[in-house]
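See structure below.
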Amino acid sequence: MIFKKDDPGGRRWLYVLLPAIGGIVLTVGVALAMHTTDQAVFCGSCHSMAEAALTHKKSVHAKLACNECHAPYNLVVKIPFKSKEGMRDIYVTATSTIPDLIHPGGETKEVTQANCLRCHAETTSTVVMQSKQYCTDCHRHVPHMPKIPVAERSAADA
Numbered sequence: 001m002i003f004k005k006d007d008p009g010g011r012r013w014l015y016v017l018l019p020a021i022g023g024i025v026l027t028v029g030v031a032l033a034m035h036t037t038d039q040a041v042f043c044g045s046c047h048s049m050a051e052a053a054l055t056h057k058k059s060v061h062a063k064l065a066c067n068e069c070h071a072p073y074n075l076v077v078k079i080p081f082k083s084k085e086g087m088r089d090i091y092v093t094a095t096s097t098i099p100d101l102i103h104p105g106g107e108t109k110e111v112t113q114a115n116c117l118r119c120h121a122e123t124t125s126t127v128v129m130q131s132k133q134y135c136t137d138c139h140r141h142v143p144h145m146p147k148i149p150v151a152e153r154s155a156a157d158a
């Protein structure tokens with residue numbers, strides 16, 4: 001037998017090693033899930049988001065993951081935000097209540113605004129935003145290219 005009965009600390013390493021391995025596996029799994037669910041390939045896999053994924057792919061922000069704009073940057077805030085938004089998306093998909101035109105809600109607009117300002121702080125430092133509340137009020141075309149009129153766009157064009 002490897003462990004002696006009179007050795008009280010003989011199995012102590014198991015009590016440390018097994019939870020440590022479990023913690024590592026859990027951390028890697030969560031990191032992979034977070035990364036995968038941030039990507040346009042994942043977001044665009046739902047029929048309701050196919051148009052957004054197509055227009056994102058052709059935009060100046062095509063190299064960014066969807067959630068670099070649409071989710072909080074801070075991981076502590078991002079996890080509950082993504083969970084809540086994901087559950088909402090699952091609910092509207094399951095109940096077939098997806099709107100024809102998907103617009104971001106107030107909280108998502110605030111998150112997107114914070115991300116615009118975080119990434120573009122240097123260029124926005126001289127902008128006085130008196131007439132509009134959000135960057136996307138004037139720059140709606142930037143994330144989801146309107147160069148093709150909405151009436152002529154189709155996810156089938158991909």
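For the sequence shown, the residue numbers in the UniProt record's numbering are 1 to 158. Note that beta-carbon positions come from the ideal geometry of N, C-alpha and C, so glycine has one too.
Next item on the list: For my contact list, ASN67 and ASP38 are in at a C-beta cut-off of 8 Å; report their separation, rounded to the angstrom.
Entry: 4 Å
Note to self: Counting beta carbon pairs with one atom in the region 127-144 and one in the region 73-83, are three or more of them shorter than 8 Å?
What the structure shows: no
Item checked: Residue environment, GLY105, which counts as buried when at least 16 other CB atoms sit within 10 Å -> exposed
Next item on the list: Use the C-beta contact count for CYS138: other C-beta atoms within 10 angstroms, 16 or more gives buried, fewer gives exposed.
Entry: exposed
Check: Which residue comes first and which comes last in the alpha helix (DSSP H) that contains ILE102?
Finding: First-last for ILE102: undefined, no H or E at that position.
Checklist line | Pairwise C-alpha distance: VAL142 and THR36 | finding: 23 Å
Item checked: Within 8 Å, strictly: CB atoms of MET117 and THR123 -> For the record, residue 117 in the displayed sequence is Leu; it is not Met. Taking 8 Å as the Cβ cut-off, LEU117 and THR123 do not qualify as a contacting pair.
Notebook entry, point to check: Could you check where the alpha helix (DSSP H) with GLN39 kicks off and where it finishes?
Noted result: Note, GLN39: premise wrong, no alpha helix (DSSP H); not H, not E.
Checklist line | Pick from PRO99, VAL92, GLU85, VAL16 that is closest to VAL111, judged by C-alpha positions | finding: GLU85
Check: Mind checking HIS70: buried by the 16 CB within 10 Å criterion, or exposed?
Finding: buried
Next item on the list: Below 6 Å CB to CB, which residues in the same chain sit around residue 174 once its five sequence neighbours on both sides are set aside?
Entry: Residue 174 lies beyond the stretch modelled for the chain, which goes from 1 to 158, so this question has no answer here.
Next item on the list: Only counting runs of 4 or more residues, tell me where the alpha helix (DSSP H) segments fall wholly within the region 79-146, in order along the chain.
Entry: 106-119, 121-124, 135-138
Notebook entry, point to check: Which residues bound the alpha helix (DSSP H) around LEU54?
Noted result: 50-57
Checklist line | 7 Å Cβ shell around ALA62 - same chain, five flanking residues per side excluded | finding: HIS56
Notebook entry, point to check: Whole-angstrom Cβ separation of ILE102 and SER59, contact assumed at under 8 Å?
Noted result: Incorrect: roughly 16 Å between the Cβ atoms, too far for contact.
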